[in-house]
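Residue numbers (the numbering used here): 236 to 806.
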């Protein structure tokens, strides 16, 4: 009797899991938006405000530089996303069906594990007046003996932010495109169509834009919109690289919410709604631009023209790709050298002495942040993997994929600016569970880890050969045994990759940790951002390297373990 009940219970849990997943994502996001909406209009019982009013919006519009904040957020978000997207397309077009594309992927993929804060610190070290760029060009072109006056970083135009966001988001978009092309049926079909176009005399890049892109872009739309939403409301990059007078809108909102004057939370809530409108407007502009471009340039797909300066564009793409990879490598080299540098006088390219005292002093102080980062990351990642596996198993038991609505909800935390709903979520968390900041932070991390874990595991789970499960079921194995004994062993490597990705996302969370923890929970990322705005370069470099090392260790383990176990199985 008990043996019969276990499979039934498992099946019920599996079938219920999509609803549970919806509740976990919808309630915090929409609840957070409501929690921002009410204070924005003056209703905040915790602050003894019980009357609805427009005081928050009035204070917001009277803030000095509010127009510049909005403009800066729009410009940096839109330009960085456009640059990352265009360069991604140019790389795909120039190196499609070429081994160089896989080589570029291998060079850029490690950038994905670098948290935004660490990437911002590395870029900042590169473009400062005494940074690596100035040190490299000084002996050859300028002859500087002292560091020049420069506007980077913290330039008022947001160029530093655009540069940092572009370098960080480009590898993500490239990987998403290559993941789509890796799908057996679609990838094979697009490559065959590309070859057919080449046989008809089309140049490679023209063939890509006329034949491949129309089928590829609809599958890239969601990642592109997620990048645009993040870029327009990012906090870490602008906080480290951006101007302070005034900052971007998202950074200003964070300062208001964290201020000791609690009445500023009314203005912060109004600002969060404004940020939501700004991001929503950018998403609408992007979608509108899609339709406009499709309408205006649809004739180019069928006009029969086979070449649009492909040779020149191919050379430009090769140069841009080389510069990007070189820029990234130089930034990482500079970061490592600052972490071990003793006396380093400008314009010397290499420090006069290398020391480890910065690492020694930093490691003595980071025990608590390190433990917090690891525990929160493991908790959220394990829960995200369990929920994802149960939902994907529910797909197979029902015989149909999750609905479009569920798929949209899964990516909702990536499309809605975190700055817009986190404040409301924190309001509710303080009312319901104000004493357990650790649990609040872990739950908030889950909202951002879950979409990436789901994205990582979905393709592998759906590609499982159903015949193995059918054979096991025909031999009398219950669903729970088929799940654990047949399916999960086949997913050993993808689950480890998803776990490494989940840990990387959790390790990189700054704003959710700061807000949900109320400043009481310190992690490597919160410490790195704090140090980047006032501490010595050497200490900041050490924390940035530790921040990069944590997810890197996870990916190395995910890469090595399957090889070890599969090799052992063969023996």
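C-beta atoms are modelled at their ideal positions from N, C-alpha and C, and glycine is treated no differently.
What distance in whole Å lies between the Cβ atoms of residue j and residue i, which are believed to be in contact at a cut-off of 8 Å?
i: residue 396; j: residue 472; result: 5 Å
i: residue 275; j: residue 642; result: With a Cβ gap of about 30 Å, residue 275 and residue 642 do not count as contacting.
i: residue 684; j: residue 748; result: The pair is not a contact, with the Cβ atoms about 13 Å apart (cut-off 8 Å).
i: residue 245; j: residue 730; result: Actually they do not touch by this definition, with Cβ atoms about 18 Å apart.
i: residue 648; j: residue 686; result: 6 Å
i: residue 432; j: residue 782; result: In fact, because the Cβ distance is near 45 Å, the residues do not count as touching under 8 Å.
i: residue 467; j: residue 312; result: 3 Å
i: residue 250; j: residue 629; result: 6 Å
i: residue 625; j: residue 288; result: Going by Cβ atoms, the distance from residue 625 to residue 288 rounds to 45 Å, so no, they are not a contact pair.
i: residue 811; j: residue 637; result: Missing from the structure shown is residue 811; the chain here goes from 236 to 806 and no further.
i: residue 584; j: residue 737; result: Not a contact, Cβ separation roughly 39 Å.
i: residue 793; j: residue 778; result: Wrong, their Cβ atoms sit about 24 Å apart, outside the cutoff.
i: residue 787; j: residue 774; result: The Cβ separation is near 20 Å, so there is no contact.
i: residue 455; j: residue 412; result: 6 Å
For residue i, does the count of other Cβ atoms within 10 angstroms reach 16, so buried, or fall short, so exposed?
i: residue 417; result: exposed
i: residue 214; result: As shown, the chain starts at 236 and ends at 806. That puts residue 214 outside it, with no answer to give.
i: residue 530; result: exposed
i: residue 375; result: exposed
i: residue 664; result: buried
i: residue 377; result: exposed
i: residue 477; result: buried
i: residue 237; result: Per-residue confidence for residue 237 stands at a pLDDT of 44, beneath the threshold of 50, marking its modelled position as unreliable; no derived number is given.
i: residue 543; result: exposed
i: residue 506; result: buried
i: residue 502; result: buried
i: residue 574; result: buried
i: residue 407; result: buried
i: residue 323; result: buried
i: residue 611; result: buried
i: residue 679; result: buried
i: residue 309; result: buried
i: residue 373; result: buried
i: residue 258; result: exposed
i: residue 500; result: buried
i: residue 328; result: buried
i: residue 480; result: exposed
i: residue 722; result: buried
i: residue 513; result: buried
i: residue 264; result: buried
i: residue 539; result: exposed
Is residue i near residue j, with beta carbons less than 8 Å apart?
i: residue 691; j: residue 732; result: yes
i: residue 380; j: residue 582; result: yes
i: residue 462; j: residue 355; result: no
i: residue 487; j: residue 304; result: yes
i: residue 398; j: residue 622; result: no
i: residue 401; j: residue 469; result: no
i: residue 776; j: residue 474; result: no
i: residue 435; j: residue 331; result: no
i: residue 511; j: residue 279; result: no
i: residue 393; j: residue 484; result: no
i: residue 688; j: residue 751; result: no
i: residue 556; j: residue 339; result: yes
i: residue 790; j: residue 735; result: yes
i: residue 282; j: residue 497; result: yes
i: residue 295; j: residue 517; result: no
i: residue 357; j: residue 566; result: yes
i: residue 785; j: residue 596; result: no
i: residue 405; j: residue 344; result: no
i: residue 521; j: residue 613; result: no
i: residue 545; j: residue 438; result: yes
i: residue 657; j: residue 267; result: yes
i: residue 659; j: residue 271; result: yes
i: residue 415; j: residue 429; result: no
i: residue 693; j: residue 541; result: no
i: residue 797; j: residue 739; result: no
i: residue 646; j: residue 457; result: yes
Taking DSSP's pairing of strands, which residues face residue i in a bridge?
i: residue 589; result: 576
i: residue 354; result: Partner(s): none; residue 354 has no beta bridge.
i: residue 284; result: 279
**Message:** Under 8 Å: do the region 690-710 and the region 753-760 share three or more Cβ pairs, one atom per stretch?
**Reply:** no
**Asked** Do the region 291-304 and the region 524-544 touch if we need at least three Cβ pairs shorter than 8 Å?
**Response** no
**Request:** Inspect the CB distances between the region 552-571 and the region 362-376 and report whether three or more fall short of 8 Å.
**Result:** yes
**Prompt:** Do the region 447-465 and the region 420-427 touch if we need at least three Cβ pairs shorter than 8 Å?
**Reply:** In the pairwise beta carbon analysis, the region 447-465 is classified as touching the region 420-427: at least three pairs are separated by under 8 Å.
**Touching by the beta-carbon criterion (3+ pairs, under 8 Å), the region 341-354 and the region 738-747** = As far as the Cβ criterion goes, the region 341-354 touches the region 738-747, which means the pair count is three or higher.
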